[in-house]
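Colleague: Sharing a structure, written as structure tokens. Questions coming.
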Amino acid sequence: MKPSANHMCASLLSRVLRFRGRIVASVLVAGALMVAGTVAHATEPAPTPLLAFAARVAGDDARTRVVVEFDRKPEFSIHYVANPVRVVVDLPETAFGLKAESLEPRGLFETIRYGGMGAGSSRLVLTSKGPVAVSHAEVIEEEGGKSYRLVIDAEKVDQTRFDALLGEQQWTGSIVAAKTDRPNVAPAQKSGAFVIAIDAGHGGIDTGAIGSGTKTEEKHVTLAFAQELVATLNRESGIEAFLTRDKDVFLSLPQRVQIARNKGANLFISIHADTLKQKDIRGATVYTISDKASDHLAADLAQRENLSDEIAGVPLQSEPAEVADILIDLTRRETQAFSVNMARTVVSSFEGQINLINNPHRHAGFRVLQAPDVPSILLELGFMSNKDDEKLLLDPEWRKKVSGLLAVAVRRYREQAVANGG
Ligand SMILES: [Zn+2]
Numbered sequence: 001m002k003p004s005a006n007h008m009c010a011s012l013l014s015r016v017l018r019f020r021g022r023i024v025a026s027v028l029v030a031g032a033l034m035v036a037g038t039v040a041h042a043t044e045p046a047p048t049p050l051l052a053f054a055a056r057v058a059g060d061d062a063r064t065r066v067v068v069e070f071d072r073k074p075e076f077s078i079h080y081v082a083n084p085v086r087v088v089v090d091l092p093e094t095a096f097g098l099k100a101e102s103l104e105p106r107g108l109f110e111t112i113r114y115g116g117m118g119a120g121s122s123r124l125v126l127t128s129k130g131p132v133a134v135s136h137a138e139v140i141e142e143e144g145g146k147s148y149r150l151v152i153d154a155e156k157v158d159q160t161r162f163d164a165l166l167g168e169q170q171w172t173g174s175i176v177a178a179k180t181d182r183p184n185v186a187p188a189q190k191s192g193a194f195v196i197a198i199d200a201g202h203g204g205i206d207t208g209a210i211g212s213g214t215k216t217e218e219k220h221v222t223l224a225f226a227q228e229l230v231a232t233l234n235r236e237s238g239i240e241a242f243l244t245r246d247k248d249v250f251l252s253l254p255q256r257v258q259i260a261r262n263k264g265a266n267l268f269i270s271i272h273a274d275t276l277k278q279k280d281i282r283g284a285t286v287y288t289i290s291d292k293a294s295d296h297l298a299a300d301l302a303q304r305e306n307l308s309d310e311i312a313g314v315p316l317q318s319e320p321a322e323v324a325d326i327l328i329d330l331t332r333r334e335t336q337a338f339s340v341n342m343a344r345t346v347v348s349s350f351e352g353q354i355n356l357i358n359n360p361h362r363h364a365g366f367r368v369l370q371a372p373d374v375p376s377i378l379l380e381l382g383f384m385s386n387k388d389d390e391k392l393l394l395d396p397e398w399r400k401k402v403s404g405l406l407a408v409a410v411r412r413y414r415e416q417a418v419a420n421g422g
């Protein structure tokens, strides 16, 4: 992440917070943008998801039209995010029964993603090659209400115009407002139990890596493993394990950290199974956080994992301002020592039992590992770019075995932590 991008996002966030509560309709004045309505209110009883059953993209490098067909009338709102330029379309909860190729990017857009965002909402994120503006957006009723067509027209604009659109808009909703609170030095502890947050990487609109053989999405692999791991850990006495997400929904990286902290987690384990260009590389890796990456592979991987919020169209937030606080700093250092212990314990529990990458404990700047007060590791179970690893990752028996080994590691770590007053 370039520092300039961070600063830009910080100022965007402060504007977002300042403008919260103003009505979405004022976007009309700012950007000649037609907004058909706002996203359904979260407190209403959960309706059946809309069905998006067809879509198409047409256009060139100057103008591009995106059309999505729904079974019922979709309320929607449109926002912009910078670095890279994205048009974010928020929708009520939607089941996307689309052929993948129907939203293949073309024209102004180089990536198009869609999926659930949690709290009864879904999202379409159109990533553009350069600055764009939505010139027209509307929902058209078809055949007397049998279906509804959402039409979004985007056009190329200059940077000044895009910056103006970005500055004038405001967001509502929970995703962007999920700011990491000031860290508590002493978080609330549960009734003596050892609390473990198990974080299934990716989810919803963020599919994660795609397996090279079966095209399996990483978000499903991580959730299946996380569920097995929580069940295994909860069979141990004195341990309370829970999932940061228990279904296919998107959580931002700060939200994952915050969920763990709010529940007073003593340990945070984020589960992943990525792909690499080097298809022969296989085996598990355990990561801890560090300003400096241990090697290129770790740096690349952290960079890709950190893209999660970008994929989902969440404006990145600035790092917490309290980093300089001496108490936080001491807590961080102590937490870091515990994280490294946990990583080593996991590696030694895996050794000789399952495949490990060379140098299986590595470090890099993973945003999901930055809780100042919760020892955190990120576990890459294996690589879905490797056929043998992919097979194992999809095997429930293998998941059981690895969960058992992790439970052993947790037990050992906990004994050490108790001995060291942790
Ligand atoms: Zn991942």
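Everything in the sequence shown is counted per our numbering, starting at 1 for the first residue and increasing by one.
Ideal placement from N, C-alpha and C gives every residue a C-beta, glycine not left out.
Within this structure, are the beta carbons of V151 and A164 separated by less than 8 Å?
Modeller: For the purposes of this step, residue 151 is taken as residue 151 along the sequence shown, with counting starting at 1. For the purposes of this step, residue 164 is taken as residue 164 along the sequence shown, with counting starting at 1. No, the pair does not count as a contact, with Cβ atoms beyond the cut-off.
Colleague: Can you give the beta carbon distance from R113 to V125, rounded, assuming they're within the 8 Å contact cut?
Modeller: Looking up residue 113 in the sequence shown gives position 113. Looking up residue 125 in the sequence shown gives position 125. With a Cβ gap of about 5 Å, R113 and V125 count as contacting.
Colleague: Can you check DSSP and say which residues form a bridge with R362?
Modeller: Counted from its first residue, the sequence shown places residue 362 at position 362. The partner list for R362 (beta bridge, DSSP) reads Y287.
Colleague: Leaving aside the five residues before and after N341 along the sequence, list all residues of the same chain whose C-beta is less than 7 Å from its C-beta, in chain order.
Modeller: Within the sequence shown, residue 341 is the residue found at index 341, counting from 1. Hits under 7 Å: Y413 and Q416.
Colleague: Please say whether E390 and G211 have beta carbons closer to each other than 8 Å?
Modeller: Here residue 211 is taken as the residue at index 211 of the sequence shown, counted from 1. Here residue 390 is taken as the residue at index 390 of the sequence shown, counted from 1. Cβ distance < 8 Å, so G211 and E390 count as in contact.
Colleague: From the DSSP output, which residues share a beta bridge with D199?
Modeller: Here residue 199 refers to the residue found at position 199 when the sequence shown is read from its first residue. S270.
Colleague: What residue ranges within the region 146-171 form continuous alpha helix (DSSP H) runs of no fewer than 4 residues, ordered along the chain?
Modeller: For the region 146-171, whole alpha helix (DSSP H) runs of length 4 or above, ordered along the chain, are 159-168.
Colleague: Would R282 and N355 be called neighbours here (beta carbons separated by less than 8 Å)?
Modeller: Taking the first residue of the sequence shown as position 1, residue 282 is located at position 282. Taking the first residue of the sequence shown as position 1, residue 355 is located at position 355. Against a cut-off of 8 Å, the Cβ pair of N355 and R282 comes out as a contact.
Colleague: Going by DSSP in three states, M34 sits in which element: helix, strand or coil?
Modeller: As a working note, residue 34 is residue 34 in the sequence shown. For M34, the predicted model reports a pLDDT of 34, less than 50, meaning its position is unreliable and no value from the coordinates is stated.
Colleague: Can you give the Cα-Cα distance for D199 and E142, rounded to whole angstroms?
Modeller: If you number the sequence shown from 1, residue 199 lands on position 199. If you number the sequence shown from 1, residue 142 lands on position 142. Roughly 42 Å separates the two Cα atoms.
Colleague: List the DSSP bridge partners of Y80.
Modeller: Along the sequence shown, read from residue 1 onward, the residue named residue 80 stands at position 80. Answer is V87, bridged to Y80.
Colleague: Who are the Cβ neighbours of V323 in its own chain at under 6 Å, not counting the five residues just before and after it?
Modeller: In the sequence shown, residue 323 corresponds to position 323, counting from 1. Residue placement at V323 cannot be trusted, given a pLDDT of 48 that sits under 50; the coordinates are not used to answer.
Colleague: If I measure Cβ to Cβ from L400 and keep anything under 7 Å in the same chain, skipping five residues before and after, which residues do I get?
Modeller: Here the question's residue 400 lines up with position 400 in the sequence shown. Per the sequence shown, the amino acid found at residue 400 is Lys instead of Leu. Hits under 7 Å: E228.
Colleague: Quick one: Cα of R86 to Cα of A284, how far?
Modeller: In the sequence shown, the residue the question calls residue 86 occupies position 86. In the sequence shown, the residue the question calls residue 284 occupies position 284. So the two alpha carbons sit approximately 34 Å from each other.
Colleague: With a cut-off of 8 Å on the beta carbons, I'd call A293 and G352 a contact; round off their distance for me.
Modeller: As a position in the sequence shown, residue 293 is number 293, starting the count at 1. As a position in the sequence shown, residue 352 is number 352, starting the count at 1. Rounded, the Cβ-Cβ distance is 27 Å, inconsistent with contact.
Colleague: Alpha carbon to alpha carbon, how far is V88 from G313? Give it in angstroms, no decimals.
Modeller: Taking the sequence shown and counting its residues from 1, the one referred to as residue 313 is at position 313. Taking the sequence shown and counting its residues from 1, the one referred to as residue 88 is at position 88. Answer to the nearest angstrom: the Cα atoms are 6 Å apart.
Colleague: In the DSSP assignment, find the unbroken beta strand (DSSP E) run with G116 in it and report its ends.
Modeller: Numbered from its first residue, the sequence shown carries residue 116 at position 116. F109 to G118 is the extent of the beta strand (DSSP E) around G116.
Colleague: Going by the C-beta, is E390 closer than 7 Å to any heavy atom of ligand 1?
Modeller: For the purposes of this step, residue 390 is taken as residue 390 along the sequence shown, with counting starting at 1. Answer for E390: no, Cβ out of range of ligand 1.
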